[in-house]
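Report on the following structure.
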Amino acid sequence: MTTYPLRTLCHIGKWNAPFETGRENYWKQEKMKSIHTLVIAGILLASCTSFALAADKKATKHTDPYVGGPATEDKLSREIRHNLVMLPYFGVFDDLGFTVDQEGHVTLVGEVTRPTLKSDAENTVKRIEGVQSVVNQIEVLPLSGNDDRIRRAVYQAIYGDAALSTRYGFRALPSIHIIVKNGNVRLEGLVANEGDRTIANLRANGVPGVFSVENQLQVEGK
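Letter by letter, the sequence shown follows residues 1 to 222 in my numbering.
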């Protein structure tokens, strides 16, 4: 076995110390680079997600048939609105909407719980005089026992409220619509004031199992 004098061993230790320190610094720098990369990736992902959500919301902006139009609304829009509201299976768990251009080209949007409602909406609008074409972008919501439970619970929470039920619950088509998809709730429609809008939002948020609530209720006159 080779033996080294004590001075030589100390010399080797002194030589190795800078090497160990340099290796530690290298790995620290690499770790910081990885963290920096992850932070940048997270920021980019959040930005892309926000942009996509904003674009999606802009794309789905539409006229609700159960929300009264302006006094200056044209005859064709009034006819489309009336025909959609009169559809037999159109209820509070559905959101139908439309856009129409000056040439009479109609786009139908929204989300419905029945496939037949999607086809019925298209067929009834096609028969309206002045409609040149119909693009049907209505989404049929997926079947889900959990979503059905949430629909019933949110309905009871909102229309079981003393103030909201008196004002909105006794109409042929209640103006607060409850759209549920994968545990997420969106409120659509029209309310009389900001207080009712807030109450509806609180009642929906209070339902167990709801992941999120998006309040798109409009206030009359605004």
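Cβ atoms here follow ideal geometry from the backbone N, Cα and C, with glycine treated the same way.
- With contacts defined by Cβ atoms closer than 8 Å, A204 and V154 form a contacting pair.
- Nearest C-alpha to T99 among H177, F90, G91, R78: R78.
- When secondary structure is reduced to three states using DSSP, G97 falls in the strand class.
- V67 places its beta carbon 8 Å or farther from that of I178.
- Under the DSSP definition of a beta bridge, Q132 lacks any partner.
- Separation of G189 and L217 (C-alpha to C-alpha, rounded to the nearest whole angstrom) is 5 Å.
- Spatial neighbours of N136 in its own chain (CB-CB distance under 6 Å, excluding positions within 5 residues in sequence) are listed in chain order as L108, E122.
- The C-alpha of A172 is placed about 30 Å away from the C-alpha of S133.
- Looking at the DSSP output, Q218 shares a beta bridge with L190.
- L76 and S119 have their alpha carbons spaced roughly 20 Å apart.
- In the three-state reduction of the DSSP assignment, S212 falls in the strand class, which pools E and B.
- Boundaries of the beta strand (DSSP E) around V112: 105 to 112.
- Counting only the Cα atoms, T124 lies some 28 Å from E220.
- Taking the C-beta atoms as reference points, N201 is found nearer than 8 Å to N215.
- Contact between L141 and T113 holds, since their C-beta atoms are separated by about 5 Å, short of 8 Å.
- Of all alpha-carbon atoms in A163, E139, Q156, H82, the one lying nearest the alpha-carbon of T198 is that of A163.
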